[in-house]
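Chains as they are written, first to last, in UniProt numbering: chain P, 1 to 270; chain D, 1 to 270.
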């Protein structure tokens, strides 16, 4: 299984197609999945299966949302060995994993791992952002996100995420085979670019479970929107944390689960 | 957030609906997400966010697919405290987590955790099952799976999984907010019922990444089928392990990525 050649986001495969009750050979492309190992200050922290792109942003997002470091400035060096999928990262002020408390294996569409102490996050004051976003802009952003990814269109095997400022169409999106990874990569990008998150809407294509809300909370992002469904725990958390949670975004409508005061009807002034 | 009342699989919420540029209140139901903590032989092993159903099967599937125990017979007692979402499990021959090697945080739609040593699994001989399944039966099973869940229809927030014997419509399905959890619950059910897995097709609705293939391998399941896409790593693994991997199952066609010899065209004899 080991191969020294760096791989792209898509891998060609010859498959057998079953169609009209017959089998035939066909060319296809599938989403790449690589095991990326984070070595932080010489210590092996975790191996994550992911799409091989935006790996520095991924490292930054993962380390911050997991509670290991506070900001992108804490990263003093990053190097990647693509033949071993090993990222060597040096950081200032690494929080000892033991101090982050009991690990919680969360579900997403899977069992995510959250190192962060949930108690620490929930004791923060609720997000106070007064940003307001037109409902029609939310629909436009999620529609754009659903259609911007060639990797998704060709492989059907990835989730996309992005960040919009006040409902504007974003200038980037990121795909990953894991929806938490896609969110970590987007948050890492915001951190590395020192984006002011007080007017950011985190947009994603997958379902929203509690850990996605926790990740948004860590960057003080006030609005979270997805084409997918939220879980009840994500709603309870978003309510408590002051985050506007929007789900089931469709061409003509969507559901606002918490803090609807940030959503504007047509004609309302921003 | 703590509540002593046991909850069901769905939770009612009042939401704000944005439709035709206007906001209005509406009743809705969302999928429940609970933090289930496994205490095994007095040791806290993990907390997993999941749907509150089939929790004994979940425990069994999780412990076996993670490599902590070998079979359902190793579980000598199981008790659940629904007010704390705590499962106390006694097992024979618990493998020490430290012996399971470096934890790998896999992606799925998230970051799954696999305790199991991949080397141990990949050194096993490939699955030799001579089961063969009609292509039209695979389409029928996945169609059934997509439409059998009220929880999915109402909340949109869960994945379903099931197990078919030789392509027959299964007699059960299981939902979970996490697709790995749904698979662990189905595998736990097969283990508890001592099902002969040599003719089983594991059916699921979500994408297939490497850890789903690993889980199937642990029970020697020869066929894995999903409406979703596989990753390239899952294809490499399935090829090596002798598992037939079927993806993108649609009403008239599907893609076979590995070991197509187990798929029959119309008219072929079983």
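Where is the CB? At the ideal position from N, CA and C, for every residue including glycine.
For residue i, which residues from the same chain have a beta carbon less than 8 Å from its beta carbon, with the 5 sequence-adjacent residues on both sides left out?
i, result
"residue 149 (chain P)", "158, 160, 173, 175"
"residue 10 (chain D)", "29, 30, 31, 32, 151, 154, 155"
"residue 91 (chain D)", "40, 41, 63, 68, 69, 74, 75, 76"
"residue 59 (chain P)", "38, 75, 78, 87, 89, 188"
"residue 213 (chain P)", "224, 234, 237, 238, 241, 243, 245"
"residue 220 (chain P)", "127, 129, 197, 198"
Can you tell me which of the three DSSP states residue i falls into?
i, result
"residue 169 (chain D)", "coil"
"residue 109 (chain D)", "Bear in mind that the predicted position of residue 109 (chain D) carries a pLDDT of just 31, short of 50, making it too unreliable to give a figure here."
"residue 20 (chain P)", "coil"
"residue 92 (chain D)", "coil"
"residue 253 (chain D)", "strand"
"residue 14 (chain P)", "strand"
"residue 258 (chain D)", "strand"
"residue 175 (chain P)", "strand"
"residue 210 (chain P)", "helix"
"residue 219 (chain P)", "coil"
"residue 138 (chain P)", "helix"
"residue 193 (chain P)", "coil"
"residue 240 (chain D)", "helix"
"residue 153 (chain P)", "helix"
"residue 125 (chain P)", "coil"
"residue 85 (chain D)", "coil"
"residue 200 (chain P)", "strand"
"residue 133 (chain D)", "strand"
"residue 188 (chain D)", "helix"
"residue 229 (chain D)", "coil"
"residue 8 (chain P)", "coil"
"residue 158 (chain P)", "coil"
"residue 58 (chain P)", "helix"
"residue 205 (chain D)", "coil"
"residue 69 (chain D)", "coil"
What residues of chain D sit near residue i, judged by a beta carbon separation below 9 Å?
i, result
"residue 257 (chain P)", "13, 15, 16, 28, 30"
"residue 241 (chain P)", "Those within 9 Å of residue 241 (chain P) in chain D number zero; the least Cβ separation is about 11 Å."
"residue 205 (chain P)", "By Cβ distance, chain D contributes nothing, its closest Cβ being about 10 Å from residue 205 (chain P), past 9 Å."
Look at the Cβ atom of residue i, then the Cβ atom of residue j, and state whether they are nearer than 8 Å.
i, j, result
"residue 203 (chain D)", "residue 234 (chain D)", "no"
"residue 177 (chain D)", "residue 257 (chain P)", "no"
"residue 127 (chain D)", "residue 222 (chain D)", "yes"
"residue 274 (chain P)", "residue 209 (chain P)", "Residue 274 (chain P) lies beyond the residue range present for chain P, which begins at 1 and ends at 270; the question has no answer from this structure."
"residue 133 (chain D)", "residue 243 (chain D)", "no"
"residue 8 (chain D)", "residue 187 (chain D)", "no"
"residue 254 (chain D)", "residue 169 (chain D)", "no"
"residue 238 (chain D)", "residue 201 (chain D)", "no"
"residue 72 (chain P)", "residue 245 (chain P)", "no"
"residue 181 (chain P)", "residue 136 (chain D)", "no"
"residue 215 (chain D)", "residue 183 (chain D)", "yes"
"residue 352 (chain P)", "residue 19 (chain D)", "As displayed, chain P neither begins before 1 nor continues past 270, which places residue 352 (chain P) out of reach and without an answer."
What does residue i touch in chain P if you count any residue whose Cβ is under 8 Å from its own?
i, result
"residue 33 (chain D)", "107, 209, 210, 231, 232, 233, 234"
"residue 155 (chain D)", "229"
"residue 169 (chain D)", "Ordered by position in chain P, no residue passes the 8 Å Cβ test against residue 169 (chain D), which lies about 18 Å from the chain."
"residue 89 (chain D)", "None at all; the shortest Cβ gap to chain P is about 16 Å."
With respect to 7 Å, is the separation between the Cβ of residue i and the closest non-hydrogen atom of the ligand MN below this value?
i, result
"residue 55 (chain D)", "Among the components modelled here there is no ligand, and therefore nothing to report on the ligand MN."
Leaving aside the five residues before and after residue i along the sequence, list all residues of the same chain whose C-beta is less than 6 Å from its C-beta, in chain order.
i, result
"residue 37 (chain P)", "47, 86"
"residue 218 (chain P)", "65"
"residue 23 (chain P)", "16"
"residue 93 (chain D)", "74"
"residue 259 (chain D)", "244"
"residue 53 (chain D)", "9"
"residue 34 (chain D)", "52, 85"
Kindly list the residues whose CB is nearer than 7 Å to the CB of residue i, restricted to its own chain and excluding five residues on each side of it in sequence; keep chain order.
i, result
"residue 80 (chain D)", "55, 87"
"residue 12 (chain D)", "27, 29"
"residue 145 (chain D)", "160, 162, 173, 203, 205"
"residue 228 (chain D)", "205, 206, 207, 208, 247"
"residue 57 (chain D)", "185, 188, 189, 192"
"residue 44 (chain D)", "37"
Report the neighbours of residue i on chain D: residues whose CB is nearer than 7 Å to its CB, in chain order.
i, result
"residue 20 (chain P)", "252"
List the residues of chain D that residue i touches, going by C-beta distances under 8 Å, in chain order.
i, result
"residue 23 (chain P)", "135, 256, 260, 263, 265"
"residue 221 (chain P)", "Chain D residues near residue 221 (chain P): none, gap ~19 Å exceeds 8 Å."
"residue 142 (chain P)", "Those within 8 Å of residue 142 (chain P) in chain D number zero; the least Cβ separation is about 12 Å."
"residue 69 (chain P)", "Chain D residues near residue 69 (chain P): none, gap ~18 Å exceeds 8 Å."
"residue 174 (chain P)", "Under the 8 Å cutoff, chain D gives no residues; its nearest Cβ is about 14 Å from residue 174 (chain P)."
So with CB distances below 9 Å, who are the chain P contacts of residue i?
i, result
"residue 201 (chain D)", "Neighbours of residue 201 (chain D) on chain P: none; closest Cβ ~14 Å, over 9 Å."
What does residue i touch in chain P if you count any residue whose Cβ is under 7 Å from its own?
i, result
"residue 248 (chain D)", "156"
"residue 127 (chain D)", "Per Cβ cutoff of 7 Å: no residues; residue 127 (chain D) is ~17 Å from chain P at best."
Contiguous beta strand (DSSP E) assignments of at least 3 residues, all confined to the stretch 27-55 of chain D: Whole beta strand (DSSP E) segments, 3+ residues: 34-40, 43-50.
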